[in-house]
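Number of protein chains: 2
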Amino acid sequence: MTLDDRKARVLRAVVEEHIETGLPVGSRTIAKRYALGVSPATIRNEMAELEETGYLDKPHTSSGRIPSDRGYRFYVDELMPQVRLHDDEVYALESLFRSRAKDVVSLLKETVKVISDATNYLAFVLGPDSGEVTFNSIHLLPASSRKALLVIITDVGYVETCLIDAPDMTIDEMRYVSDMLTRNLGSVRLDKVADRAQALIREEASRYAEIIDQAAAFLRGLATEPDEERLFVGGTANLLSQPEFRDVGRVKELLSAIESEGLIQYILSNDHREGDPIIRIGAESPVGAIRDLSLVYGRFTAGNAEGRIGLLGPRRMDYARSVAIIKFCERRLSESLS
Amino acid sequence: MTLDDRKARVLRAVVEEHIETGLPVGSRTIAKRYALGVSPATIRNEMAELEETGYLDKPHTSSGRIPSDRGYRFYVDELMPQVRLHDDEVYALESLFRSRAKDVVSLLKETVKVISDATNYLAFVLGPDSGEVTFNSIHLLPASSRKALLVIITDVGYVETCLIDAPDMTIDEMRYVSDMLTRNLGSVRLDKVADRAQALIREEASRYAEIIDQAAAFLRGLATEPDEERLFVGGTANLLSQPEFRDVGRVKELLSAIESEGLIQYILSNDHREGDPIIRIGAESPVGAIRDLSLVYGRFTAGNAEGRIGLLGPRRMDYARSVAIIKFCERRLSESLS
DNA sequence: TTTTAGCACTCCTGGGATGAGAGTGCTAAT
DNA sequence: ATTAGCACTCTCATCCCAGGAGTGCTAAAA
Chain A
3 MTLDDRKARV LRAVVEEHIE TGLPVGSRTI AKRYALGVSP ATIRNEMAEL
53 EETGYLDKPH TSSGRIPSDR GYRFYVDELM PQVRLHDDEV YALESLFRSR
103 AKDVVSLLKE TVKVISDATN YLAFVLGPDS GEVTFNSIHL LPASSRKALL
153 VIITDVGYVE TCLIDAPDMT IDEMRYVSDM LTRNLGSVRL DKVADRAQAL
203 IREEASRYAE IIDQAAAFLR GLATEPDEER LFVGGTANLL SQPEFRDVGR
253 VKELLSAIES EGLIQYILSN DHREGDPIIR IGAESPVGAI RDLSLVYGRF
303 TAGNAEGRIG LLGPRRMDYA RSVAIIKFCE RRLSESLS
Chain B
3 MTLDDRKARV LRAVVEEHIE TGLPVGSRTI AKRYALGVSP ATIRNEMAEL
53 EETGYLDKPH TSSGRIPSDR GYRFYVDELM PQVRLHDDEV YALESLFRSR
103 AKDVVSLLKE TVKVISDATN YLAFVLGPDS GEVTFNSIHL LPASSRKALL
153 VIITDVGYVE TCLIDAPDMT IDEMRYVSDM LTRNLGSVRL DKVADRAQAL
203 IREEASRYAE IIDQAAAFLR GLATEPDEER LFVGGTANLL SQPEFRDVGR
253 VKELLSAIES EGLIQYILSN DHREGDPIIR IGAESPVGAI RDLSLVYGRF
303 TAGNAEGRIG LLGPRRMDYA RSVAIIKFCE RRLSESLS
């Protein structure tokens, strides 16, 4: 279904006006602020037809119109301009990615912070799933007299550590065990590592069985860690400044929705290419709690695993800018993590 | 200033009733629900006197009373019962501290989560200041062909990592540098380490100057990291279910207050012993944004550094239970981190 | 002297009623 | 096909009023 030129222009005006003000928009406003060259009455007629065909809604009989999900969808697919980010925004993001004395987790967290502040929406990053990751090397380091620190470096740059019991081990023994573990378990996917470790214990019949056991348990833990563990959310406070959240009930609902499994599963279930962010408007997402919010998110790759980065905002969010920001982050995250 | 026995009982009844319901409490309610053995009229007289002496307030002329800051203070100091935690609460907390396959940061984060869920208040932990910490050992590990991972283990169990440029180094070289750094910089306080590193570079006149430089820069970064970096907050969503936050403006104000330097500085500025949590009621804290909230927090020690753990709730928070929870966490955190 | 019952008074709260304002839909004129 | 004009609809803020909860005061009872 397509729209004739003038209807499209009216729709675009309604959407953009509504995105800006958050209020229902009337025919007079459009006539005044958008140079369509026709009178309010004509626009009224067009709006009536756009309503009949489902692109616009009326909150009540005698108010202005607001875009329906379908209206936003048409706008996003056909009318939305491609925006360029402001120089200072680009600068803020670039400096994030340039200073590389950081671990992956900090990078992801800071990215979330920057883009939520830049948009006033809620931002999230879903880090690469460690289960699909292989690890680069594993090290045992002395931590105290009876403890050792297990350090695991994955191929996407995650660094995971945990303290394990390792009484009476010399540094040389630790090095030996480190080498053995790296040799035998490196380049095995994390979710397969537990089995391999069992085999290793049998082969070696060694006095290090206990160490290997602890290491395997930890690796197993990493692989089976629930999705929420690698979700970083930022900008809750920003969201509160959106007028649609003057009702606290909404906010609560939303916050718990984000932490619930459902939303993450939904985001992961959508297959898409990098550089082509997914936009889900209002009730297009099957997740109830965000039925009057919109979602713009993309994916980035880190080694052979992938993560997601996105924005969650009111249905009247600024899609054009959001898409530009997400695209930028997709690209730069993928570069930084490879 | 002290109160005669009956006034104290009336005050206690008003405080406890108000904590439970959140509403102004009237004389009739107290006569009915608390067995003081006197009529509402008598209670009215007592309440009038308590109001005159500043222990109670009236929202308006003909409503029930609510405790003033002073009333809460008297309650907290003189009337509040010592509560024991429920078995299941103790269990939830104990299992947190028992499973020790965790790094410090996760432990702190999970503690925050557990106690904010248990209380429905906002919980926070301020981790030990790394500037006052010495480190245990420092290691260089191969990460990729041109990069090495710098791992620093502090004496309180923090593990900090960062990637640095280290082209063409063999494992043996890395071990050599690791040993050198640990020998020369270990047991130096983090905030003194930069100077020491400069000295080291001069002494060694070595080809590893660049590595040492990067390590020193990172250590310096740790030491000068702002206080907020080690602040973990949890339970924002819980706070929204408190009736005093049905107004979104409040919530926003509060969220930004927490992230502001001021509150943290205030908390750090109070000296106190472990096992003796500080209670700050309403306007007792000089930080404007929490002038109608209360703060209950304690301290824990980790090596020779110290951290803080606390709850931020409405002025009518359940002080008795909050104190019990904070005491418990103080003790167990100190045990776990030493 | 202390406690209590009684009662007038105050103030908040919630439910209509009202009027202004914004915007529409329709009709008739251009 | 477009536009001006106008009656109509609906929301929103305000005001008013009655109901209810609670107080303070006075006078009687313990």
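For the protein sequence lines, the chains are A and B, in the order given.
Take 3 as the starting number for the first sequence in the working numbering and just add one per residue.
Take 3 as the starting number for the second sequence in the working numbering and just add one per residue.
For every residue, glycine included, the Cβ atom is placed at its ideal position computed from N, Cα and C.
Asked	Found
Close beta carbons around A/R30, own chain, < 7 Å, minus the five adjacent residues each side	P42
Against chain B: residues of the region 321 to 335 of chain A by CB proximity under 8 Å	none
Nearest-angstrom beta carbon gap, B/V92 and B/L52 [assumed within contact, 8 Å]	Incorrect: roughly 36 Å between the Cβ atoms, too far for contact.
Pair within 9 Å by beta-carbon distance, A/L38 and A/R8	yes
Nearest residue (CA-CA) to B/R148, options B/I213, B/G290 and B/E308	B/I213
Cutoff 6 Å; reference B/A216; Cβ partners in own chain excluding five residues on either side	First, the residue type needs correcting, since residue 216 of chain B is Gln and not Ala in the sequence shown. Answer for B/Q216: I166, listed in chain order.
Per DSSP, cross-strand counterpart(s) of B/V127	B/F234 and B/I311
Short Cβ contact (9 Å threshold) for B/V153 with A/V161	yes
For B/K149, the first and last residue of its enclosing beta strand (DSSP E)	K149 to T156
For A/V235 and A/I266, believed in contact at Cβ under 8 Å, the rounded distance	Not really, about 11 Å apart at Cβ, beyond 8 Å.
Selection from B/E175, B/V298 and B/V17 that minimises the alpha carbon distance to B/L314	B/V298
Short CB-CB distance (under 9 Å) between A/R14 and chain B	no
Cα-Cα separation, B/N122 to B/H88	16 Å
Selection from B/G188, B/C164 and B/I117 that minimises the alpha carbon distance to B/A219	B/C164
Continuous alpha helix (DSSP H) stretch holding A/E53: start and end	P42 to E54
Local Cβ density within 10 Å of B/Q2, reported as buried at 16 or more and exposed below that	Because chain B in this structure spans residues 3 to 340, residue 2 of chain B falls outside the shown range and cannot be described.
DSSP state of B/S139 mapped onto helix, strand, coil	strand
9 Å Cβ cutoff, A/H141 in contact with chain B	yes
Collapsed DSSP secondary structure at B/L165 in the structure displayed	strand
Beta-carbon proximity of A/P130 to A/R222, cut-off 9 Å	no
Beta-carbon proximity list for B/P169, same chain, < 6 Å, skipping 5 on both sides	R148
Interface partners of B/R248 on chain A, CB under 7 Å	V250
Chain A residues whose Cβ lies nearer than 8 Å to that of B/T238	T238 and L257
Contact list for B/I154 against chain A, beta-carbon separation under 9 Å	Ordered by position in chain A, no residue passes the 9 Å Cβ test against B/I154, which lies about 10 Å from the chain.
Test: A/T226 CB closer than 9 Å to a CB of chain B	no
Candidates B/V158, B/L143 and B/I155: closest to A/L159 by CA position	The amino acid at residue 159 of chain A is misidentified as Leu; the sequence shows Gly. Nearest option by C-alpha distance: B/L143.
C-beta neighbour in chain B for A/A307, strict 9 Å	no
Cβ contact check for the region 198 to 210 of chain A and the region 103 to 113 of chain A: 3 or more pairs under 8 Å	no
B/H141 classed as buried or exposed, judged by whether at least 16 other C-beta atoms fall within 10 angstroms	buried
Close Cβ partners of B/E332 (< 6 Å) along its chain, the five nearest in sequence each way excluded	E276, G300 and F302
B/S146 at chain A interface by Cβ criterion, 9 Å	yes
Contact list for B/S243 against chain A, beta-carbon separation under 8 Å	K254
Rounded C-alpha distance that separates B/L224 from B/S287	30 Å
Exposed unless 16 or more other CB atoms sit within 10 angstroms - verdict on B/T172	exposed
Residue-chain proximity (A/G159, chain B), Cβ-Cβ < 9 Å	yes
Integer-rounded CB distance, given that A/A10 should sit under 8 Å from A/L81	6 Å
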